[in-house]
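Residue numbers (numbering that gives the first Met the number 0), protein chains in the order written: chain A, 0 to 310; chain B, 0 to 318. Here the structure is laid out as structure tokens; the discussion comes afterwards.
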Amino acid sequence: MKVGIARAFLYYKYGHLWETFFKELGIDVVISPETNKETLKNGTKYSIDESCLSSKIYMGHIYYLIDKCDYIFVPRIATLQNNNMVCTKFHAAYDLVNNTFKDKNIKLLDYNVDYRKNQTEFLAFLNMGKKLKKKKFEIVRAYYLAKQAEKKVQGVALLEQEQILKTKGKLKILIVAHPYNVYDKYIGEPILKYLEELDCVPIIADVAPKAEAIKKSKEISPTLPWLYNKELLGTIELFKKDIDGVILMTSFPCGPDSLVNEIILRRFKDKPIINLILDEQEGTAGRETRIESFIDIIKLKKDDVNGKEKN
Amino acid sequence: MKKAYLGVDIGSISTKGVILDEDNNILASKYIWTEGNPIGAVKNLIGELEQQIDTSKIKIVSIGTTGSARKLIGVVLNASVVKNEITAHAIGTTSIYPDVRTIFEIGGQDSKIILIEDGIVVDYAMNTLCAAGTGSFLSSQAKRLGLEVEEFGELALKSKKPTNIAARCTVFAESDLVHKAQIGHKKEDIVAGLCKAVVTNYLNNVGKGKKIMAPIVFQGGVSKNVGVIKSFEDITGQKVLVDPNSHLMGAIGVAILARKSGQEIEFDFNIANIEFKTKGVECHKCANNCEIICIYRGKYLIDAWGNKCDNGAIPIKNH
């Protein structure tokens, strides 16, 4: 049996968990390839105009998986622990995919996480495992191993992040973006590459001690509903001493980000900050102008502090 | 031979060039339309600049380019410095107004605000995706009203009561404008309303949350519009300075950067007679089908870009 997973959206958060779970159950996993122009084109075709860029990319990945696996894994995540909410897109993804590709005879594997209705992550895996006709002890074992694998990967990433934050001699720019935007080959990676070309070190805000970050986020906004935004918000506070500037990278027209970025721009005054919006436009001139001038300004300021010649 | 520095600011609408001496004095300057042909525009520009100076006494030793076609023109002119517009404008403006605190800039497609303290840029903002309230908005509305953009500002000054126009979005502004005209608002009031709308839109979007301190310098193509200048002064309550050379600030800034770079190159005004060509090729090595732009001097490939990954990289030989 083969299960398809879209390399988009929450794959970049829970990919290791999901993949390990299926593999431990002896199920083959097909992951759609990195996003390219074709993915976005198909995704746009199967989305409504108002959808965000990331959601269009998600639909493009789902489209790729049709006929390439027995089941497509489409998680539905409504609420998480401690009354934490996520973007409605993650709540709606299952139904969106199901309705959009109704005539393509796809079989979806549902995975329901809704803590408000006592539907925990563990129960979500348990129900999914049962649908795949696996025995309970097998499912529990696979879940346990998947959690171990996830923890290990996150631990390694955190250690690496600590090292990167200690980098000396280069400008360190914190990229505040959802992982599915910043790690996406087509929309996020070119920006990371461009920053490296400008001799900067991009620091991905998604790699951070989450519990601490959430606590910190309350200092900026105590009432924010979305978990993933809280994590990012708190990370800015956590890392601010080690960084030279912040880039808020958002896919157009992301609902949660449009509100949270406003809060950040108004309340975070410690480091230079810009808002970068990713959309379907292919020209890169506007984007590069924004990034290059932002970096220039940070460099000019630093030179001034160090008493070098003013420009 | 006196050393001189060439700065070229090549935007979507217009191309500006200056030649500066070592003390930042303008030896020659020119402003022409880009007309969708940046290479052609730069050749004309170079020809025009050559006529303004005595080439037996002045020698261009370094070149800088800025504006949205800076990369392309940088390759064509073999520039020492290729810099974004924001930095170039800030440097150009501070060289003329050393105490400037705020630069408003509204161009053909974008608008920005630059905040300066002690001659150093401390903050800036730029419009995001939308071109509402920029020069192209004004010129399309002028066309709709049957006016030339050039007469727009003067007409706005005649108005005693500017019409309120919603300028948050060009599409809605247009329907609002048609509606106001249909119910009998005077043309000058509508025009003044548009100027005011551009300013409020700018201050609410680009200038949002920024502390606007005097002296204020206003530049970019729209700074030629006296109606917009007046609206800025009315709303900010401050004097807004517009330099007669405001359109050249980017070019001046990048010429200064070229001088500071210390890199000297050989430059020949004869460039107008050399053929530069660009060719777009699609790379079919993966699903991205990147369009790669190749730039040729005569028959030699001198640069190429546009590939998203290394598979599409085109090797450049040195000629």
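Backbone N, C-alpha and C fix where the C-beta goes; we use that ideal spot for every residue, glycine too.
Positions along the segment 30-56 of chain A whose CB lies within less than 7 Å of some CB in chain B: Asn35, Lys36 and Glu37
Applying the 10 Å Cβ sphere with the 16-neighbour rule, what's the burial state of isoleucine 25 of chain A? It is glycine, not isoleucine, that sits at residue 25 of chain A in the sequence shown. Exposed, because fewer than 16 other Cβ atoms sit within 10 Å of the Cβ of glycine 25 of chain A.
Compare the C-beta of glutamate 18 of chain A with all C-beta atoms of chain B and state if any pair is closer than 7 Å. no
Under 7 Å from the C-beta of arginine 265 of chain A: neighbouring residues of chain B: In chain order: Gly208.
Would you say glutamate 195 of chain A lies against chain B (beta-carbon separation less than 7 Å)? no
Check for me: the beta strand (DSSP E) holding phenylalanine 72 of chain A runs from which residue to which? Per DSSP, phenylalanine 72 of chain A belongs to the beta strand (DSSP E) from 70-79.
For asparagine 305 of chain A, count neighbouring Cβ atoms within 10 angstroms of its own Cβ and tell me buried if that reaches 16, exposed if not. Confidence is the limiting factor: at asparagine 305 of chain A the pLDDT is only 47, short of 50, which leaves the residue's position unreliable, though a coordinate-based value still follows. So asparagine 305 of chain A counts as exposed.
So the alpha helix (DSSP H) aspartate 175 of chain B belongs to, where does it begin and stop? 169-181
In whole angstroms, what separates the C-alpha of lysine 270 of chain A from that of phenylalanine 293 of chain A? Distance between the alpha carbons of lysine 270 of chain A and phenylalanine 293 of chain A: 12 Å.
What is the DSSP secondary structure of proline 201 of chain A, reduced to helix, strand or coil? Secondary structure at proline 201 of chain A: strand, using DSSP grouped into helix, strand and coil.
Could you tell me the distance, in whole angstroms, from the CA atom of glutamate 149 of chain B to the CA atom of alanine 155 of chain B? 11 Å
Going along the chain, which residues of its own chain have a beta-carbon closer than 8 Å to the beta-carbon of glutamate 116 of chain B, five neighbours each way excluded? Arg100
Going along chain B, which residues have a C-beta under 9 Å from leucine 158 of chain A? Neighbours of leucine 158 of chain A in chain B, taken as residues at a C-beta separation under 9 Å, are lacking, since the least C-beta distance is about 29 Å.
Assign asparagine 287 of chain B to buried or exposed, taking buried as 16 or more other Cβ atoms, counted over all protein chains shown, within 10 Å of its Cβ. buried
Quick check on the DSSP output: the beta strand (DSSP E) that includes glycine 16 of chain B runs from which residue to which? 13-19
Using beta carbons (cut-off 7 Å, strictly below), is leucine 177 of chain B in contact with chain A? Note that residue 177 of chain B corresponds to valine in the displayed sequence, not to leucine. It does not: the Cβ of valine 177 of chain B has no partner Cβ on chain A nearer than 7 Å.
Counting contacts by CB-CB distance shorter than 7 Å, is leucine 170 of chain A in contact with chain E? Protein chains in the displayed structure are A and B, and chain E is not among them.
State yes or no: is the beta carbon of asparagine 287 of chain B nearer than 7 Å to at least one beta carbon in chain A? yes
Measure from the C-beta of serine 250 of chain A to each C-beta in chain B and report whether the shortest distance is under 7 Å. no
Compare the Cα-Cα distances from aspartate 241 of chain A to each of A:Arg6, A:Lys165 and A:His177 and report the closest residue. A:Lys165
DSSP three-state label for glutamate 104 of chain B, please. DSSP, read as helix, strand or coil, puts glutamate 104 of chain B in strand.
When the Cα of cysteine 51 of chain A is compared with those of A:Asp94, A:Tyr11, A:Asn180 and A:Ile172, which residue comes out closest? A:Asn180
Name the chain B residues whose beta carbon is nearer than 9 Å to that of serine 220 of chain A? Within 9 Å of the CB of serine 220 of chain A, no CB atom of chain B is found; the nearest one sits about 16 Å away.
Is valine 190 of chain B closer than 7 Å to serine 230 of chain B when the C-beta atoms are compared? no
In this structure, what does DSSP give as the bridge partners for tyrosine 4 of chain B? Its beta-bridge partners are B:Leu19 and B:Ser61.
Quick one: using the 10 Å Cβ neighbour count with 16 as the cut-off for buried, is threonine 162 of chain B buried or exposed? buried
Using only CA atoms, which one of B:Val221, B:Gly226, B:Lys238 and B:Tyr201 lies nearest to isoleucine 215 of chain B? B:Lys238
Please name the residue, chosen from A:Asp66, A:Ile65, A:Ala92 and A:Ser46, that lies closest to tyrosine 10 of chain A on a Cα-to-Cα basis. A:Ala92
Against chain B: residues of the segment 179-190 of chain A by CB proximity under 8 Å: Contact residues of the segment 179-190 of chain A toward chain B are Tyr185 and Pro189 (C-beta to C-beta distance below 8 Å).
At what residues does the alpha helix (DSSP H) containing phenylalanine 136 of chain B begin and finish? 134-143
Which of helix, strand or coil does DSSP assign to leucine 232 of chain A? helix
Per DSSP, which residues does isoleucine 273 of chain A bridge with? Please list them. A:Ile246
If we ignore side chains and look at the alpha-carbon of each, how far apart do lysine 349 of chain A and alanine 196 of chain B end up? Because chain A here runs from 0 to 310, residue 349 of chain A falls outside it and cannot be looked at.
With the cut-off set at 7 Å, would you say lysine 29 of chain B and glutamate 49 of chain B are in Cβ contact? no
Environment of glutamate 21 of chain B [buried if 16+ CB atoms lie within 10 Å]: exposed
Name the DSSP bridge partner or partners of leucine 107 of chain A? A:Ile71
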